[in-house]
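Undergrad: Before we start, here is the structure in question, set down as structure tokens.
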Ligand code: 93A
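Numbering (UniProt numbering), first residue to last: 1 to 596.
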């Protein structure tokens with residue numbers, strides 16, 4: 001009925017600004033209906049108010065659990081300006097409600113208290129208030145919902161001028177939906193910890209990225225976590241590594257049909273590879289000459305290659321393996337310094353080996369290989385939610401490298417090159433940007449991650465590839481170690497030797513020499529150059545275009561024959577020409593693959 005007295009339902013836990021609101025409503029001749037405590041406070045201040053029971057004809061009951069839950073309230077709020085709705089209201093003698101003012105029981109504040117009990121928390125789960133807010137927000141075309149005392153003043157100002165505008169009603173409704181969503185999140189967070197804190201759905205972590213970042217947890221709001229902890233306890237960075245490393249090996253396997261492995265550190269791969277037979281030299285360089293059964297285990301070969309690419313960076317890695325872990329693979333792992341492993345399953349004997357590692361603290365995660373994350377990823381940075389579609393683009397040897405820009409004869413890539421470019425490119429998909437990856441013979445041989453400048457990536461990765469290749473030099477293969485020399489110490493000494501960083505004298509030199517039976521001579525520039533010339537057929541992928549020709553020149557120095565990168569630089573044509581002049585095949589890989 002036009003001109004009828006407007007009605008407000010007011011039910012607030014937080015009574016800030018309530019009396020000013022009541023005063024303003026009364027001044028505009030609005031009829032106020034309020035729940036118990038709210039009504040009392042308004043009445044005691046001398047403003048006219050009625051209890052909600054005036055329209056429900058039912059008292060508050062169950063100690064306040066039922067205050068406003070009643071068709072007289074909710075039909076009044078939800079009714080539209082439709083003839084059929086008007087008739088329903090008239091039949092039941094219900095008046096339309098125009099304004100709802102409500103804020104909720106302090107669930108968050110209650111559960112933030114130390115040692116809060118479940119019954120205490122349960123009592124703070126607001127039902128009627130959420131229903132008032134949702135109903136009013138749903139019908140915001142007609143009804144105004146105020147869920148924040150900060151909005152009272154603006155609302156009253158508009159009311160004085162006549163009507164609440166559509167824009168304001170929309171804004172208040174959005175705020176109301178956010179309010180109930182946030183409230184429900186707090187409730188489910190609390191009960192998830194109470195009822196699913198055994199690691200199935202909610203996994204408490206010792207701390208976050210650093211020991212002072214507590215509390216920390218991993219959880220899903222959608223059923224169970226897709227992984228189980230079979231041994232040890234994951235840390236926050238372990239999970240960042242594992243949850244990046246697993247999809248990498250899954251995709252490597254899908255792209256090549258071979259078992260795949262990755263060795264992660266600080267959320268970038270140190271190495272990644274597929275299972276291809278190992279030569280005698282490779283077995284030596286990768287320190288797996290004594291692993292029984294490695295000749296027949298593709299998975300062990302893959303991990304030997306992933307770990308062997310850059311042994312310095314792999315120290316203390318989190319490993320991902322595409323297949324059920326067998327004894328040869330577990331045997332390699334048990335010899336290395338490593339933090340954890342994620343795989344779809346473990347043979348019993350392999351699991352036994354891994355469980356003994358690190359005095360029983362070695363992290364062993366089992367992932368559901370069929371798990372597929374949803375399409376949207378959200379993270380919070382400095383209090384702001386960032387959301388994007390997951391990078392679910394598929395890279396394949398067969399389809400991603402067919403657009404050959406140089407040479408112009410149109411000859412397709414050799415199969416090995418397409419395979420290595422696929423391995424390098426899939427690896428970049430899970431590497432912190434900027435990133436450039438060199439791959440050869442089914443494995444990463446040099447990865448430059450997280451550099452702000454592309455040429456620095458290309459150099460870093462190229463230098464790593466060079467070090468990798470120098471490790472195959474006969475002088476390194478022939479090193480005579482002192483008895484009892486440990487694997488990490490050997491790796492450190494080899495790295496000094498192959499990178500040309502040998503200490504000249506003093507205590508540093510003594511420490512270097514201490515590990516050898518016979519100290520190897522430093523490489524001369526000529527020896528290095530002669531050996532590097534023997535490395536050819538390397539593939540390089542870049543996660544974005546090369547802005548300058550320097551990248552191509554640097555890649556060529558490490559035996560690169562194939563480059564895949566997105567295009568779009570102002571220098572594109574100079575980059576392609578440089579590749580052509582150096583006899584490098586340049587393939588357009590059209591998808592930019594930044595990862596953060
Ligand atoms: O226990 S309830 O979920 N049952 C209800 O029917 C109900 N209606 C409003 N709590 C209910 N409320 C809440 O009461 C409001 O959300 C508000 O937080 C509070 C105000 O109570 P009072 O007016 O008695 O102080």
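Note that the Cβ used here is the ideal one computed from N, Cα and C, for glycine as well.
#1: Tell me whether residue 72 counts as near the ligand 93A, meaning its Cβ is closer than 7 Å to at least one heavy atom of that ligand.
#2: Indicate whether the contact test is met: 3 or more Cβ pairs, each with one atom in the region 531-547 and one in the region 561-568, closer than 8 Å.
#3: Mind checking residue 222: buried by the 16 CB within 10 Å criterion, or exposed?
#4: Assign residue 423 to one of two classes, buried (16 or more other C-beta atoms within 10 Å of its C-beta) or exposed (fewer than that).
#5: Taking residue 11 as part of the beta strand (DSSP E), name the residues at either end of that continuous run.
#6: Is residue 338 helix, strand or coil by DSSP?
#7: Using only the heavy atoms of the ligand 93A, determine whether one of them is closer than 7 Å to the beta carbon of residue 127.
#8: From the DSSP output, in three-state form, read off residue 1 for me.
#9: Spell out whether any CB of chain C is found under 8 Å from the CB atom of residue 248.
#10: Would you check if the region 296-315 and the region 327-338 touch, i.e. whether three or more CB-CB distances between them fall below 8 Å?
#11: Which whole-angstrom value describes the C-beta separation of residue 237 and residue 259, a residue pair presumed to lie in contact below a C-beta threshold of 8 Å?
#12: Residue ranges of each alpha helix (DSSP H) run of no fewer than 4 residues wholly in the region 409-453, ordered along the chain?
#13: Would you mind working out which of 220, 167, 188, 587 sits nearest residue 410, comparing C-alpha positions?
#14: Could you say which of 13, 522, 168 lies nearest to residue 127 if we only look at CA atoms?
#15: Rounded to whole angstroms, what is the Cα-Cα separation between residue 557 and residue 262?
#16: Residues in its own chain within less than 8 Å of residue 210 by CB, not counting five upstream and five downstream?
#17: Keeping to the same chain, check which residues put their C-beta closer than 6 Å to that of residue 9; ignore five residues upstream and five downstream.
#18: What do you get for residue 17, buried or exposed, if any count of 16 or more other CB atoms within 10 angstroms of its CB means buried?
#19: Cβ of residue 67 within 7 Å of any heavy atom in the ligand PLP?
#20: Report yes or no: do the region 217-233 and the region 350-359 share at least 3 C-beta pairs separated by less than 8 Å?
#21: Looking only at C-alpha atoms, which of 382, 404, 85, 296 sits nearest to residue 418?
#22: Express the C-alpha separation of residue 247 and residue 63 in angstroms, rounding to a whole number.
#23: As an exercise, report each continuous beta strand (DSSP E) stretch of at least 3 residues that is fully enclosed by the region 169-211, in chain order.
#24: Quick test of the definition: if touching needs 3 or more C-beta pairs under 8 Å, does the region 179-188 touch the region 115-130?
#25: Tell me the DSSP secondary structure of residue 377 in three-state form.
#26: If I'm right that residue 646 touches residue 551 with Cβ under 8 Å, what's the distance once you round it to whole angstroms?
#27: State the Cα-Cα distance for the pair residue 527 and residue 479, rounded to the nearest angstrom.
TA: By the coordinates alone:
#1: no
#2: yes
#3: When all chains shown are included, residue 222 counts as exposed.
#4: buried
#5: 7-12
#6: strand
#7: yes
#8: Legend: pLDDT at residue 1 = 44, less than 50; position of this residue unreliable, value from coordinates given subsequently. In the structure shown, residue 1 adopts coil according to DSSP, grouped into three states.
#9: Absence of chain C from the displayed structure is noted, only one protein chain being present.
#10: yes
#11: Actually they are not in contact, since the Cβ atoms of residue 237 and residue 259 sit about 26 Å apart, beyond 8 Å.
#12: 415-429
#13: 587
#14: Answer by Cα proximity: 13.
#15: 26 Å
#16: none
#17: Cβ-Cβ distances below 6 Å link residue 9 to 33, 97, 100 in the same chain, with the five nearest sequence neighbours on each side left out; the list follows chain order.
#18: buried
#19: In the structure on display, the ligand PLP does not appear, and the ligands it does have are the ligand 93A.
#20: yes
#21: 404
#22: 53 Å
#23: 202-205
#24: yes
#25: Residue state, collapsed to three classes: strand.
#26: Given a span of 1 to 596 for the chain in the structure shown, any question on residue 646 remains unanswerable.
#27: 17 Å
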